[in-house]
Amino acid sequence: MTMTTFKVDIESGIAVVTLDVPGAPVNTLSTAVAQEFDGLLTRMEGDPLVRAVVLISGKPDTFIAGADIEEFTRLRTAEEATTLSRRAQELMNRVAASRKPVVAAIHGSCLGGGLELALACHWRVATDHPKTQLGLPEVQLGIIPGAGGCNRLPRLIGARAALDIILAGKSERAGKARKLGLADELVHPAILLDVAVRAATRLAADGPPVRKPKRDLAGMLLDGTAPGRALVYRMARKQVLSRTGGHYPAPLAALEAVRVSLSRGMEAGLAYEALRFGELAITDVSRNLVSIFFATTALKKDDGIPPGAAGKLAPVGRIGVVGAGFMGAGIAGTAALNAEVEVRMRDADLPRVGKGLRAATGILDERLKRKRLSRPDYQRLAALISGADDDTGFRGANLVIEAVFEDLEVKRGVVKALEQVLGNDAIIATNTSTIPIADIAAGAARPDRVLGMHFFSPVEKMPLLEVIPHAGTSARAVATAVRFGRRMGKTVVVVGDLPGFWVNRILTPYLNEAGILLTEGAPMEALDRVMTRFGFPVGPVTLLDEVGLDVAQKAAAVMHGAFGARLAPSDFVGAMTADGRLGRKNGRGFYRYEAGKRRGPDDSVYRLAGVTKAPNVDERWVERRLVYSMLNEAALAVADGVIRSPRDGDIGAIFGIGFPPFRGGPLRMIDSLGAAQVVRTLRELGDAHGARFDPAPSLIEMAERGGRYYPET
Ligand code: 3HC
């Protein structure tokens, strides 16, 4: 047999097997790799020179990233998928049953099928390195661990801890994994192989360890007894339902797989696991989640310009941030934390700078507190952030991001001032959510180096960044901003320079419609309930309170001005701001707030707007009005060229506003409904509520020719 993926070195009875899938950036367990591994196991079993095996990866930062997700996209039937899972389980069973002990030497990502393989091994040594992560992310792909994970993990670490990992699709760092009993030893990367070989030698002599679960009293009661486990399952189920709203079948299936395994034994458990894996792998939910994985991965390599167009780029080593307010501080703190660059903040006076500096380092404090940063790393990163009330310190910056007041003249002034101090190659980015970038760049001496970087609030938490070139922005500026955004940990989409760009464009009619519904007396809590049931993390009224009513009102006015009657807002939000209600930030919004905590709806707001609150509302119709206003706007924006591909649009909607991932994004949703159906519903809505629901001409055209945004799979 020709060995392509596995290299074997045998010394003193220990076979060190190095897994290195040729030409692939990470190791995955494709069918071909699994077959080769199966053959290798036969060889090891039969080789009298081998007493034990160490399995290690030849890739720099991955042990094994799991099964090959690409293969899932080719599965057509549940039976095929069940067979795939069965084969993987058999391979893991073979490892577990091997008379020659197998030790997993883990550095880097050890995920999904990779962890399932490690779990089948007899001993696990992991490196104490931030890149080492052990987890079962399958539910994030709409499936369950299908190579024995639902069976082996709870047996190793107990039902409670296992469900905690499996149901959330979580990964644990090595330290936590060691505490849980997932890893047996923790070592520095430099001695990983030595320690693993020593463990293998020991196991070859003494046999595999007899494991007894380490349990405290609560563990004994909850994990160690049937009634205790029943309680654990009940609580886990409740938690899953409240987190997923019942839209994601995988976590519940995984829960059941764990229950079947622990109550009926491993054989029944594995059969059940494979069956459910098979069912889930071919669902639309899983297909949509898998497509999000590939879209996000593709965006990691996409600089937003044709390959090579920017020439060679110097990496950004130092940035400036103008405006030390909430956004500016968020940008500064996140840049220091994730991109690890020097950050210089500037504001008009020192007290503001001080406040900004505190807020920026507050992001690091939070990580330190949650033990996501070590104290030395914290000190090193905090030292990267400095501030002043003038432009000193901007010299030498490769990128300056302005996050000042949303006013064209003020922003133009900032750009002009920056041009006086910055080097020739430095890029100037403006963090605006509504003002056209071309207008801001118009007064610049070098408009080619000006572009938009639209961050979402709070910057350290929100995963999306829109990069917005205007017509004259250079390819170099675009690629520099995109790459830097990625270093900040963001998923970056490059979008067109039209008002609202992409995310706020599709959000505007949705929030407007919520306002119009409120003026009709619709109960705010019903609007929020309808949309969270649809799958959004929060409903539109809560979102308005969170964004800030003044901000929302201003943005709505800009969009109305740009697009006319279709995007006319109701007067409701205006009535609220006139009363000094700004939302959560001043504790007065649609909802009541006490000591920062949200209480119930504040029904007095209806009186402010001269409206009587209705006792109820047709929730199905409300859902249609809200959702279709967004779908229609998405179609209009696509036709305007705001996004480069449906992929960018869907990722932008999912990461920017929490569009339900299981629906795949607004454009995928249009595809799965069918353009003809979307047009029909929009016409019905138009008949009832007027021209703002007129279907986008591109949708009508798509409906006529049976078109789609994505090719049919
Ligand atoms: N299958 C197929 N391709 C994969 C893959 C996988 N499991 N994991 C990563 N890749 C590919 C990516 O698509 C990308 O391909 P490309 O270069 O051709 O575009 C390449 O590997 C590099 O990936 P990233 O750009 O994401 O690299 P990062 O270094 O940023 O991240 C990672 C690495 C943390 C491993 C990340 O890729 C990841 O999270 N991968 C998916 C992990 C996962 O979900 N595993 C579970 C799979 S399902 C399973 O195992 C079922 C089992 O229970 C039977």
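Going left to right, the sequence shown walks through residues 3 to 715 as the numbering used here numbers them. Ideal Cβ positions, reconstructed from N, Cα and C, are used throughout, including at glycine.
Proximity of L519 and K492 at Cβ, strictly below 9 Å: no
Under 8 Å: does the beta carbon of L143 sit that close to some heavy atom of the ligand 3HC? yes
Verify whether the separation of the beta carbon atoms of G280 and T33 is less than 9 Å. no
Taking C-beta to C-beta, are V19 and V55 nearer than 9 Å? yes
Restricting to runs no shorter than 3 residues, where is the beta strand (DSSP E) found entirely within the stretch 36-67? 54-59 and 64-66
Take every Cβ of the stretch 438-447, pair it with every Cβ of the stretch 257-272, and state whether three or more of those distances are shorter than 8 Å. no
Where C123 and R200 are concerned, what is the direct C-alpha to C-alpha distance, given to the nearest angstrom? 15 Å
Taking 8 Å as the line, does the beta carbon of L138 fall inside it for any heavy atom of the ligand 3HC? yes
Helix, strand or coil at G651 according to DSSP, with G and I counted as helix: helix
Between R76 and G148, what straight-line distance do the alpha-carbon atoms span, to the nearest angstrom? 17 Å
For the beta strand (DSSP E) that L467 lies in, which residues bound it at each end? L466 to P471
Below 8 Å on the Cβ atoms is my guess for P669 versus P648; work out the distance and round it to an integer in Å. One point to set straight first is that residue 669 is Leu, not Pro, in the sequence displayed. Contact holds; Cβ gap of about 4 Å.
Alpha carbon to alpha carbon, how far is K314 from T482? 10 Å
Using the Cα positions of E714 and E258, report the straight-line distance between them to the nearest angstrom. 33 Å
Indicate the three-state DSSP secondary structure (helix, strand or coil) for W125 in the structure shown. strand
Hey, quick one: how far does the beta strand (DSSP E) through L21 stretch, first residue to last? I16 to L21
Can you list, in chain order, the residues of its chain whose CB lies under 6 Å from that of G60, leaving out five sequence neighbours each side? T20 and D22
The stretch 320-330 in contact with the stretch 383-400 per 3-pair CB rule at 8 Å: yes
Mind checking whether G517 and N290 have CB atoms under 9 Å apart? no
Within the present structure, is the beta-carbon of T299 separated from the nearest heavy atom of the ligand 3HC by less than 8 Å? yes
Leaving out the 5 sequence neighbours to the left and right, which residues in its chain are closer than 8 Å to R101 when beta-carbon positions are compared? E47
Which same chain residues end up closer than 8 Å to V461 when comparing Cβ atoms and leaving out the 5 residues on each side of it in sequence? M329, G332, I333, G335 and T336
Stretch-stretch touch, CB-based, cutoff 8 Å, three pairs: the stretch 538-553 with the stretch 494-505: no
Quick check: what's the CA-CA separation for E421 versus P471? 18 Å
Taking the DSSP output, what are the residues bridged to E13? I16
In whole angstroms, give me the CA-to-CA distance for S263 and P156. 9 Å
Whole-angstrom C-beta distance between C152 and E275, which should lie under 8 Å: 5 Å
Based on Cα-Cα distance, which residue from P103, G137, R154 and T134 lies nearest to L121? R154
Where the beta strand (DSSP E) containing M347 begins and where it ends: E344 to R348
Check G148 in the structure and name its three-state DSSP category. coil
Considering just the uninterrupted stretch of the alpha helix (DSSP H) at G183, what are its terminal residues? Counting along the chain, G183 falls outside any alpha helix (DSSP H), and DSSP gives it neither H nor E.
Delimiting residues of the alpha helix (DSSP H) encompassing A567: Run containing A567: none; DSSP gives neither H nor E here.
Given this structure, state the Cα-to-Cα distance separating D11 from I58, to the nearest angstrom. 11 Å
List the residues that DSSP assigns as beta-bridge partners of H109. Paired residues: none, contrary to the question.
Backbone secondary structure at K413 - three-state DSSP: helix
C-beta contact flag for A429 and V412 at 9 Å: Per the sequence shown, the amino acid found at residue 429 is Ile instead of Ala. In this structure, V412 does not lie closer than 9 Å to I429 by Cβ.
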